[in-house]
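*Asks:* Structure in structure tokens, see below.
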Amino acid sequence: MLATNNTRISFIGLTIVGVTVLHYLTLAEMRYEHTFLRLLYYVPLVFAGLWYGIRGALAVCGTVIALYTPYMLIQWHGFSTEDFDRLMEGVLFVGIAILLGILMDREKRHTEALMESRNLAAVGRAVNEIAHDMKSPLMAIGGFMRQVARQIPSDDPNRKKLNIAIRETARLEDMVKGMLEFSRSVRLSKSPVDINELVMDLAKLLSRNGAQSNVQLVPEIDPDLPMIMGDRDKIQRVLMNIITNAIQASPEGQKVRILTEASADGIAIKVVDYGAGIKDDHKESVFHPFFTTKKSGTGLGLGVAKKITEAHGGRIYFYPNQGQPGVTFVVELPVDFPRDQKGAGHGRT
Ligand SMILES: Nc1ncnc2c1ncn2[C@@H]1O[C@H](COP(=O)(O)OP(=O)(O)O)[C@@H](O)[C@H]1O
Ligand SMILES: [Mg+2]
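In my numbering, the protein residues as written are -16 to 332.
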């Protein structure tokens, strides 16, 4: 990759230098040759635009102008028709560079978005197949182990080992549930939702988790928040996932604030924690399925939250807190979500 990059830059650089040297060495009277040489400047421009987008095209444009301008000044005849033509050619050159760069950048963004959604769909299908195949054997193992546990006396030396096996199997069952939830298409059943009420209920419900790690949940609700159309259970899942993450990231004795705000075209829910924050290296990955930095994490919480939020026509993102540790996760939801929004499905449900 690096080698290809170096080859490309060398090709562009050598073409520009080569054409410029020929300009300086060719007699000024040989007009046709000069016109031809000027046209040759388009070769590095087109390739730079193709390979490096707007940045490449502008870099070539700047270099060509810097190298060619002294020659043009030497040959300046005080604004003759020829000078004017060359100036116009220069303007055209810059215009084409900008246009080409913008078009190539747009094309690249489209291709990347398409690739990402295709990759995500493929991951989703694979996860769905695996989770389906794991579900039944795991349920059988868990069920039989619980049966055996009930039959052996509590002072049996094997009891402790059996309890560990039951606990770990339950964790695997949870993981499979998460995988199925992630890979399933999001089907929303729409009804009016009072987000303030949901936040208050969740704060109460999750306070127990917070209390275990001595983290206090503080709801700060906007009394003028409009009701929204959405799927209450699914929105609850989104908030549970981000609040749980916030609690897990918080040091003991800290608080996690949950704010609701009305926005121009809907509402926003913000979950603010004062924990360690998210490293720059992880910024791109936290929403990807199976990305986790926790010993017993599944890495599916934010992936599921993103899918549900987007199925509602909303968006989810985070930013580091200003001047304080920790991050703020924001879930924006429109008052009513688009009718054709169904969410991406990946496989068997
Ligand atoms: N509030 C937060 N503070 C710091 N890191 C976070 C926060 N929320 C999410 N993360 C990071 O994003 C990762 C993925 O989160 P998630 O998808 O919920 O999976 P999990 O919680 O199972 O690890 C976490 O492992 C953690 O590294
Ligand atoms: Mg999580």
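Every residue, glycine too, gets a C-beta built ideally from N, C-alpha and C.
Span of the beta strand (DSSP E) holding Gly302?
*Replies:* In the sequence as displayed, the identity of residue 302 is Tyr instead of Gly. Element bounds for Tyr302: 298 to 303.
*Asks:* Is it buried or exposed for Asn(-11), if we count other Cβ within 10 angstroms and need 16 for buried?
*Replies:* Exposed: under 16 other Cβ atoms inside 10 Å.
*Asks:* Ligand 1 heavy atoms versus the CB of Gly107: any closer than 8 Å?
*Replies:* Because no heavy atom of ligand 1 lies under 8 Å away, the Cβ of Gly107 does not count as near it: no.
*Asks:* Give, in chain order, every unbroken run of the alpha helix (DSSP H) that is at least 4 residues long and sits entirely within the region 82 to 143.
*Replies:* Runs of the alpha helix (DSSP H) inside the region 82 to 143: none found.
*Asks:* Compute the distance between the beta-carbons of Val201 and Arg240, then report whether it is under 9 Å.
*Replies:* A contact, by the Cβ cut-off of 9 Å.
*Asks:* Can you say whether Thr332 is buried or exposed, counting buried as having 16 or more other CB atoms within 10 angstroms of its CB?
*Replies:* A caution first: Thr332 carries a pLDDT of 44, below 50, which makes its placement in the model unreliable, though a value can still be read off. It is exposed - the Cβ of Thr332 has fewer than 16 other Cβ atoms within 10 Å.
*Asks:* For the region 236 to 288, list the alpha helix (DSSP H) runs that are entirely contained and at least 4 residues long, ordered along the chain.
*Replies:* None, since the region 236 to 288 contains no complete alpha helix (DSSP H) of that length.
*Asks:* When you compare only the Cα positions, how much space is there between Val318 and Gly296?
*Replies:* Using only the alpha carbons, I get a separation of about 10 Å.
*Asks:* Determine, using beta carbons only, whether Gly126 comes closer than 9 Å to chain B.
*Replies:* Any reference to chain B falls outside this structure, which holds one protein chain only.
*Asks:* Using 10 angstroms around the beta-carbon of Ala186, count the other beta-carbons present and answer buried if the total reaches 16, otherwise exposed.
*Replies:* Flag for Ala186 reads buried.
*Asks:* Run through DSSP, which three-state label would Gln199 get?
*Replies:* The answer is strand: DSSP assigns Gln199 an E or B state.
*Asks:* Have a look at the DSSP bridge pairing and note the partners of Leu316.
*Replies:* Bridge partners of Leu316: Ile250.
*Asks:* Rounded to the nearest angstrom, what separates Ser233 and Glu151 at their Cα positions?
*Replies:* For Ser233 and Glu151, the distance between alpha carbons rounds to 25 Å.
*Asks:* Which residue's Cα is closest to the Cα of Asp66: Ile79, Ala80, Tyr51, Val169?
*Replies:* Here the closest residue by C-alpha is Tyr51.
*Asks:* Does the beta carbon of Gly280 fall short of 8 Å from some heavy atom of ligand 2?
*Replies:* Yes, the Cβ of Gly280 comes within 8 Å of a heavy atom of ligand 2.
*Asks:* Which same chain residues end up closer than 7 Å to Ser172 when comparing Cβ atoms and leaving out the 5 residues on each side of it in sequence?
*Replies:* Asp214.
*Asks:* Distance, Cα to Cα, Leu121 vs Ile147?
*Replies:* Straight-line Cα distance between these residues: approximately 15 Å.
*Asks:* Between the beta-carbon of Gly73 and the beta-carbon of Gly39, is there less than 9 Å?
*Replies:* In this structure, Gly39 does not lie closer than 9 Å to Gly73 by Cβ.
*Asks:* With burial defined as no fewer than 16 other Cβ atoms inside 10 Å of the residue's Cβ, what is the status of Met162: buried or exposed?
*Replies:* Looking at its Cβ environment, which holds 16 or more other Cβ atoms inside 10 Å, Met162 is buried.
*Asks:* Can you list, in chain order, the residues of its chain with a C-beta nearer than 6 Å to that of Met210? Leave out the 5 residues immediately preceding and following it.
*Replies:* Pro175, Asp177.
*Asks:* Is Lys277 near ligand 1, judged by its Cβ being under 8 Å from some heavy atom?
*Replies:* Checking every heavy atom of ligand 1 against the Cβ of Lys277, one is found closer than 8 Å.
*Asks:* Using the Cα positions of Tyr54 and His6, report the straight-line distance between them to the nearest angstrom.
*Replies:* The straight-line gap from Cα to Cα measures roughly 8 Å.
*Asks:* Does the contact criterion of 3 or more C-beta pairs under 8 Å hold for the region 306 to 314 versus the region 255 to 272?
*Replies:* With the cut-off at 8 Å, the region 306 to 314 and the region 255 to 272 touch.
*Asks:* Is Tyr36 a contact residue of ligand 2, with contact defined as CB to any heavy atom under 8 Å?
*Replies:* First, the amino acid is wrong: residue 36 is Gly here, not Tyr. False, no ligand heavy atom lies under 8 Å from that Cβ.
*Asks:* What is the C-beta distance between Met212 and Leu189, in whole angstroms, given that I count them as a contact (C-beta under 8 Å)?
*Replies:* Between Leu189 and Met212 the Cβ distance is about 25 Å, and since that is not below 8 Å, they are no contact.
*Asks:* Below 8 Å on the Cβ atoms is my contact criterion, and I expect Ile135 with Val221 to pass it. Report the Cβ-Cβ distance as a whole number of Å.
*Replies:* About 42 Å; that fails the 8 Å criterion.
*Asks:* Using a threshold of 9 Å, state whether the C-beta atoms of Leu181 and Gln219 are closer than that.
*Replies:* Contact: yes.
*Asks:* Helix or strand or just coil, what does DSSP make of Gly61?
*Replies:* The answer is coil: DSSP assigns Gly61 none of H, G, I, E or B.
*Asks:* Should Asp263 be counted as a contact of ligand 1 given a C-beta to heavy atom distance under 8 Å?
*Replies:* No, the Cβ of Asp263 stays beyond 8 Å of every heavy atom of ligand 1.
*Asks:* Output needed for Val0: all residues of its chain with C-beta closer than 6 Å, excluding positions within five of it in sequence on either side, in chain order.
*Replies:* None.
*Asks:* What is the C-beta distance between Val169 and Lys217, in whole angstroms, given that I count them as a contact (C-beta under 8 Å)?
*Replies:* Right, the Cβ-Cβ distance comes to about 7 Å (below 8 Å), so this counts as a contact.
*Asks:* Using only alpha-carbon positions, find the residue among His60, Glu112, Leu283 that is nearest to Asp157.
*Replies:* Ranking the options by Cα distance to Asp157, first place goes to Leu283.
*Asks:* How many angstroms separate the CA atom of His17 from the CA atom of Leu82?
*Replies:* Rounded to whole angstroms, His17 to Leu82 spans 25 Å at the Cα level.
*Asks:* Using only CA atoms, which one of Tyr15, Val131, Tyr24 lies nearest to Phe(-6)?
*Replies:* Nearest option by C-alpha distance: Tyr24.
*Asks:* Cutting at 6 Å between CB atoms, please list the residues of its own chain near Ile79, excluding the five before and the five after it.
*Replies:* Within the same chain, Ile79 has no close Cβ partners at all.
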